[in-house]
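Colleague:
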Ligand code: NAD
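Residue numbers (the UniProt record's numbering): 1 to 288.
1. Sort 279, 287 and 283 by Cα distance to residue 46 and report the nearest one.
2. So within the stretch 106-147, which uninterrupted alpha helix (DSSP H) runs reach at least 4 residues, ignoring any that extend past its ends?
3. Does any residue of chain D bring its CB to less than 8 Å from the CB of residue 87?
4. Determine contact between the stretch 162-169 and the stretch 196-213, defined as no fewer than three beta-carbon pairs at a distance below 8 Å.
5. Apply the 10 Å Cβ neighbour rule to residue 80 and answer buried if 16 or more other Cβ atoms are within range, or exposed otherwise.
6. Quick one: using the 10 Å Cβ neighbour count with 16 as the cut-off for buried, is residue 59 buried or exposed?
7. Does the distance from the CB of residue 23 to the CB of residue 33 come in under 8 Å?
8. At a threshold of 7 Å, does residue 247 count as lining the ligand NAD (C-beta to nearest heavy atom)?
9. With three or more beta-carbon pairs closer than 8 Å as the criterion, would you say the stretch 83-90 touches the stretch 109-122?
10. Any heavy atom of the ligand NAD closer than 7 Å to the beta-carbon of residue 14?
11. So the alpha helix (DSSP H) residue 172 belongs to, where does it begin and stop?
12. Which value, in whole angstroms, describes the spacing of the CA atoms of residue 143 and residue 203?
13. In the DSSP output, which residue or residues are listed as bridge partners for residue 9?
14. Pop quiz: residue 232 and residue 249 are said to be a contact at Cβ under 8 Å. What is the actual Cβ separation, rounded to whole angstroms?
15. Which of helix, strand or coil does DSSP assign to residue 208?
16. So, are the CB atoms of residue 25 and residue 35 less than 8 Å apart?
17. Could you tell me if the beta carbon of residue 47 falls within a distance shorter than 7 Å of some heavy atom in the ligand NAD?
18. Which class does residue 277 belong to by DSSP, given the choice of helix, strand or coil?
19. Please confirm if the stretch 66-78 is in contact with the stretch 203-219, defined as three or more CB-CB distances below 8 Å between the two stretches.
20. Within 10 angstroms of the Cβ of residue 180, are there 16 or more other Cβ atoms? Answer buried if so, exposed if not.
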């Protein structure tokens, strides 16, 4: 199956940490990208984040100045979804909430053409359930990037029960054309990575709640002693405790409350306190 042509316009909904990264990837691959967010200020900050990262790459000599400028110019901010009617691929990276995502896809389906492909960057929610109730459920698949999206190679292409094989194959080929390493996954809770990674976060949070080790000690052990790229607390602070907690809850519930996936009370408290990690300046650690 062939990847999407560069002439296909891509709509990214949600201009936060993931959406801005995904928009950057698609724009660098040559697509015109519409960037939309429910909050106008998020579109501005999302585009600024893309600009900052492109400048960083230019500074490191990994990207030509002209290519950086052309990439940014391909990211078009839109303040209504109607402005992106001619998009052939819509990727959502909004809040991790099934009902909100379903509502968005219903809206997109009414706007975009019959052949449009819909993709969700959900970390854990059922693609089968997300597609149920759509007029064209076969056109929806998961396209799960990892954080930070422009740097992380892996992309999970998730098929729900209704996903057309051609849609999954096209997304797989497209992710590869975008320089990623795609893998096919089924619509099981947390898919592959977020299922296997749950205990990494959960056990570390338990160690912390039980005062067995300081966060920096545990992070250093996992990073330097075991070869992980990041310790669990550094990683959750980067992901965001709100996002990480929502994913854990959704995987726990989807596995019929299997205790192995139980969310952390301590993390629930962090979320309640607004200590969401890097994005709020404080999570497990404080950021200046
Ligand atoms: P984020 O909070 O940084 O950004 C989400 C953006 O979506 C916000 O700017 C918000 O204003 C916007 N938004 C929310 N609801 C909206 C709606 N109904 N319509 C339009 N815009 C809306 O979140 P994020 O970390 O980028 O996560 C987004 C999605 O990606 C979630 O589904 C999350 O589970 C998934 N994800 C996150 C990570 C991660 O490490 N943060 C990794 C992989 C996947």
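Just so it is clear, CB atoms sit at the ideal spot from N, CA and C, and this is done for glycine as well.
Modeller: Per the coordinate set shown:
1. 279
2. 127-131
3. The structure shown contains no chain D; it holds only a single protein chain.
4. no
5. exposed
6. exposed
7. yes
8. yes
9. yes
10. yes
11. 165-177
12. 28 Å
13. 87
14. Going by Cβ atoms, the distance from residue 232 to residue 249 rounds to 18 Å, so no, they are not a contact pair.
15. helix
16. no
17. no
18. strand
19. no
20. buried
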